[in-house]
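**Student:** Have a look at this one before I ask anything.
Number of protein chains: 2
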Amino acid sequence: MGVVRTTKTVRLVTQFFDTYEHAIGVLDLVEKFKEEMNRSTIYRILDRLEDEGKVHSFLGANGLKHYAKCKDCNHKEHVDVHPHFQCTNCGMVECVAYEIKIPALPDKSVEQAQLLLTGICANCKD
Amino acid sequence: MGVVRTTKTVRLVTQFFDTYEHAIGVLDLVEKFKEEMNRSTIYRILDRLEDEGKVHSFLGANGLKHYAKCKDCNHKEHVDVHPHFQCTNCGMVECVAYEIKIPALPDKSVEQAQLLLTGICANCKD
DNA sequence: ATTGTAATTGCAACTGTTTTGCATTAAATT
DNA sequence: AATTTAATGCAAAACAGTTGCAATTACAAT
Ligand SMILES: [Mn+2]
Ligand SMILES: [Mn+2]
Ligand SMILES: [Zn+2]
Ligand SMILES: [Zn+2]
């Protein structure tokens, strides 16, 4: 796999993330693109886009993988680490621009912190 | 289901949590008790103990459910909310006695915060 | 433009995890 | 001891994600 090919399906998923401002669960993506591509293709494309630093993933409250576009990441490193918010009413999931301060724990070296916030989103509050 | 029965299997799982100081993944529990009870029984007992406020659950880094005993919870509410730590080397998972400060987000009401810390545990550091 | 190549896809089968329906067992009440 | 019904075991189903392989297709070379 020396060259990387910009196939029709890769383009579709890329374009989706270009304009989508929230995060989306992998099953919703499978559903959304079920006419355009096979579900294994989606999983493979998401893996690839994540490797390339174009999207990042995290686990939602249900344990399902969610994806959102990255800001300044590349295939070397994901610098875009932040909490995520999930609305328990409408299911909306999004990235939160907020720096997680990793607490120091005695005798341990904490390398990563994953923070998932749940509650009611702006839309659902009214 | 008016009465609640203290069966042999419920007693076994309860006793396990009485003495186990860490958190444990559901599949490890299935494995550990595979001679004593059926898989579905474990899942049902864990649901029940969680309802009763005797154990609490959270998702590990792999998205799999983990369980640990509760301190001061009951069937009305789980007051025992805290971060968890998972060692990426040995897989050990434990509760972290540390108060999560829930960040206020504009236009949203954040009700819950789930924080998972990953890194190297005391045992694995030496 | 045509051809050669290998990266990518579709498909169907498979793996791993959790849930479910139902007949059977056994804990608690009488 | 008999009765009641909560809890269990089992096997099948549901669900999410992965894999092997043949067919397709992007794209570099000609
Ligand atoms: Mn994000
Ligand atoms: Mn805990
Ligand atoms: Zn909402
Ligand atoms: Zn360790």
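Listed in order, the protein sequences are those of chains A and B.
Just so we're aligned, residue 31 is where the first sequence starts under the numbering used here, counting upward by one.
Just so we're aligned, residue 31 is where the second sequence starts under the numbering used here, counting upward by one.
By construction, the Cβ of each residue, glycine as well, lies at the ideal position given by its N, Cα and C atoms.
#1: Would you say the beta carbon of His-52/B comes nearer than 7 angstroms to a heavy atom of ligand 1?
#2: Would you check whether ligand 4 has a heavy atom nearer than 7 angstroms to the C-beta of Asn-92/A?
#3: Would you say Ser-139/B lies against chain A (beta-carbon separation less than 8 angstroms)?
#4: Mind checking which residues open and close the beta strand (DSSP E) that includes Gly-123/A?
#5: Please find out if some non-hydrogen atom of ligand 4 comes closer than 7 angstroms to the beta-carbon of Cys-154/B.
#6: Does ligand 1 have even one heavy atom less than 7 angstroms from the beta-carbon of His-112/A?
#7: Only counting the same chain, and skipping five residues up and downstream in sequence, which positions put a Cβ closer than 8 angstroms to that of Asp-102/B?
#8: Is any beta-carbon of chain B found at less than 8 angstroms from that of Gly-55/A?
#9: Once the 5 residues before and after Val-85/A are set aside, which same chain residues still bring their CB inside 8 angstroms of it?
#10: Just mark Ala-134/B as buried or exposed, buried being the case when its beta carbon has 16 or more other beta carbons within 10 Å.
#11: Given that Cys-151/B touches chain A, what residues does it touch there, using C-beta distances under 7 angstroms?
#12: In whole angstroms, what separates the C-alpha of Tyr-128/A from that of His-112/A?
#13: Near Gln-144/B, which residues of its chain fall below 7 angstroms by C-beta distance, leaving aside the five closest residues on each side in sequence?
#14: Tell me, to the nearest whole angstrom, how far the beta carbon of Lys-138/A is from that of Cys-151/B; I am working on the premise that it is less than 8 angstroms.
#15: Using a Cβ cut-off of 7 angstroms, pull out every chain B residue sitting near Ala-143/A, in sequence order please.
#16: Please report how far the alpha carbon of Glu-61/B lies from the alpha carbon of Asn-68/B, in whole angstroms.
#17: What residue range is occupied by the uninterrupted alpha helix (DSSP H) comprising Lys-62/B?
#18: Of all the options Arg-41/A, Lys-38/A and Lys-95/A, which has the alpha carbon lying nearest to the alpha carbon of Leu-57/A?
#19: Only counting the same chain, and skipping five residues up and downstream in sequence, which positions put a Cβ closer than 6 angstroms to that of Thr-148/B?
**Tutor:** Taking the definition as stated:
#1: no
#2: no
#3: yes
#4: For the sequence presented, residue 123/A should be read as Val rather than Gly. That run of the beta strand (DSSP E) goes 123 to 125.
#5: yes
#6: yes
#7: Val-109 and Asp-110
#8: no
#9: Phe-47, Leu-76, Leu-79, Tyr-97, Ala-98, Lys-99 and Cys-100
#10: exposed
#11: Lys-138
#12: 6 angstroms
#13: Phe-88
#14: 6 angstroms
#15: Leu-145 and Leu-147
#16: 10 angstroms
#17: 56 to 62
#18: Lys-95/A
#19: Ala-91, Gln-116 and Thr-118
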